[in-house]
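K.L.:
For the sequence shown, position 131 (counting from the first letter as 1) is numbered 130 according to numbering that gives the first Met the number 0, and the numbering increases by one without interruption.
Don't be surprised by glycine CBs; every beta carbon is placed ideally from N, CA and C.
In this text, all values refer to a predicted model and were calculated from it rather than measured experimentally.
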Amino acid sequence: MMEIDDTKAPLLDHLIELRGRLLKCVWALLLTGAVCFYFSDKLFAVLVHPLKEAFGDAGGRLVYTKLYEAFFVQVKIAIFGAFFLSFPIIANQLWAFVAPGLYAKEKKALLPFLIMTPVLFVMGASLAYFVVMPTAFHFFLEFQGNSSGLSVEALPSAGDYLTLVMQFILAFGISFLMPVLLMLLNRAGFVTRAQLIGLRRYMIVAAFILAAVLTPPDVVSQLMLAIPLLLLYEITIVAIWFTDRRKARDEATESASA
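(1) Does DSSP put Leu149 in a helix, in a strand, or in coil?
(2) With C-beta atoms as the reference, is Ala211 less than 9 Å away from Tyr63?
(3) Kindly indicate the opening and closing residues of the alpha helix (DSSP H) around Val237.
(4) Is it right to say Ile235 is buried, meaning 16 or more other beta carbons lie within 10 angstroms of its own, or is it exposed?
(5) How is Val179 classed by DSSP in three states: helix, strand or coil?
(6) What residue range is occupied by the uninterrupted alpha helix (DSSP H) comprising Pro49?
(7) Which value, in whole angstroms, describes the spacing of the CA atoms of Gly55 and Asp243?
(8) If you count every other CB in all the chains shown that lies within 10 Å of the CB of Asn185, and 16 or more means buried, which is it?
(9) For Lys104, report the span of its alpha helix (DSSP H) as first-last.
(10) When you compare the CB positions of Ala27 and Ile78, do they come within less than 9 Å of one another, or not?
(11) Buried or exposed for Val237, please, with buried defined as at least 16 other CB atoms from any protein chain shown within 10 angstroms of its CB.
(12) Let's test the definition: count the other Cβ atoms within 10 Å of the Cβ of Thr214 and tell me whether it reaches 16, buried, or not, exposed.
(13) Shortest alpha-carbon distance to Lys65 belongs to which of Gly100, Pro155, Ile239?
(14) Taking 8 Å as the threshold, find out whether the segment 69-85 comes into contact with the segment 131-140 through three or more Cβ pairs.
(15) Run through DSSP, which three-state label would Val62 get?
(16) Do Phe167 and Val131 have their C-beta atoms within less than 9 Å of each other?
(17) Going by alpha carbons, who is nearest to Asp40 out of Glu52, Gly80, Leu169?
(18) Out of Tyr232, Ala170, Glu253, which one is the CA nearest neighbour of Ser220?
(19) Who are the near neighbours of Thr31 in its chain, counting only those whose CB is closer than 6 Å to its CB and skipping five residues on each side?
What follows is the structure in structure tokens.
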């Protein structure tokens, strides 16, 4: 296998190629955004399902307090869905632009990280959608009832609810990418397994601070983000131990063959 591509294109050719790939990314976003806007009602029904389950048989309502709010909710859903649907195309275009400048070993090293990035993001988003949001919504709706003879009823607006759902999904999805970041830093030589072990106590504090910033101000949601982050941190330390052993074994094999 060739260590690196033989082609050496001038700067202008690289810029033309970059422009073409960026245009493909923009077109992918526009087309998937149009599709998501057309099906925005169905997508919103999926996003509102955890709240519907939390309301239970008594039922609940979503309102909009501004005349244009319902329209912009559909626009936000279209943009949100477009980034998810077009991500494989965008990632493929970026990889096709960067890959020719990488050595074969670098391509082989980066490929697992490219595969694990969407997998970990989906895992975090699924945890938020199927576990965290229903639990948090049940907790929030428990404050309904009577207070001093007055009826207290939850009437969330559609725009605020969508913002909250997007906050949950993005917070958990992006936070679950921590192992990829740490593994890349380790592969680049910026951090070692011993350093990560020494930083464990600081990571515990950082995980709870991050959870407090990214999630609504309730203890349940914060614990449901902080605890998986700490588990992922420990899993990353174990994964680095395996990669270090493999690297040492490969180096020993190369030195023995030499």
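P.N.:
Let me lay it out:
(1) Locating residue 149 in the sequence shown gives position 150, counting from the first residue. The answer is strand: DSSP assigns Leu149 an E or B state.
(2) As a working note, residue 211 is residue 212 in the sequence shown. As a working note, residue 63 is residue 64 in the sequence shown. Not closer than 9 Å, so no.
(3) Numbered from 1 along the sequence shown, position 238 holds the residue referred to as residue 237. Val237 -> alpha helix (DSSP H) spans 218-256.
(4) Within the sequence shown, the letter at position 236 stands for residue 235. The sequence given here has Thr at residue 235, not Ile. Buried, by the Cβ-count rule.
(5) If you number the sequence shown from 1, residue 179 lands on position 180. In this structure, Val179 counts as helix in the three-state DSSP scheme.
(6) What you label residue 49 is simply residue 50 of the sequence shown in a count that begins at 1. That run of the alpha helix (DSSP H) goes 39-54.
(7) Looking up residue 55 in the sequence shown gives position 56. Looking up residue 243 in the sequence shown gives position 244. Looking at the two C-alpha atoms, the distance is approximately 51 Å.
(8) For this step, residue 185 is matched to residue 186 along the sequence shown. Buried, by the Cβ-count rule.
(9) Walking along the sequence shown from the start, residue 104 turns up at place 105. Its alpha helix (DSSP H) spans residues 103-126.
(10) Residue mapping note: residue 27 aligns to position 28 of the sequence shown, counting from 1. Residue mapping note: residue 78 aligns to position 79 of the sequence shown, counting from 1. No, the Cβ-Cβ distance between Ala27 and Ile78 is not below 9 Å.
(11) Along the sequence shown, read from residue 1 onward, the residue named residue 237 stands at position 238. By the 10 Å Cβ count, Val237 comes out exposed.
(12) For the purposes of this step, residue 214 is identified with residue 215 of the sequence shown, where counting begins at 1. So Thr214 counts as buried.
(13) Position 66 of the sequence shown holds residue 65. Cα-wise, what sits closest to Lys65 is Pro155.
(14) no
(15) Within the sequence shown, residue 62 is the residue found at index 63, counting from 1. It is a strand residue.
(16) Start at 1 with the first residue of the sequence shown, and residue 167 comes out as number 168. Start at 1 with the first residue of the sequence shown, and residue 131 comes out as number 132. Cβ atoms of Phe167 and Val131: closer than 9 Å.
(17) Position 41 of the sequence shown, counted from the first residue, corresponds to residue 40. The candidate whose alpha carbon is nearest that of Asp40 is Gly80.
(18) If you number the sequence shown from 1, residue 220 lands on position 221. Looking at the Cα atoms, Ala170 is the closest of the given residues.
(19) As a working note, residue 31 is residue 32 in the sequence shown. Ala81, Leu84, Ser85.
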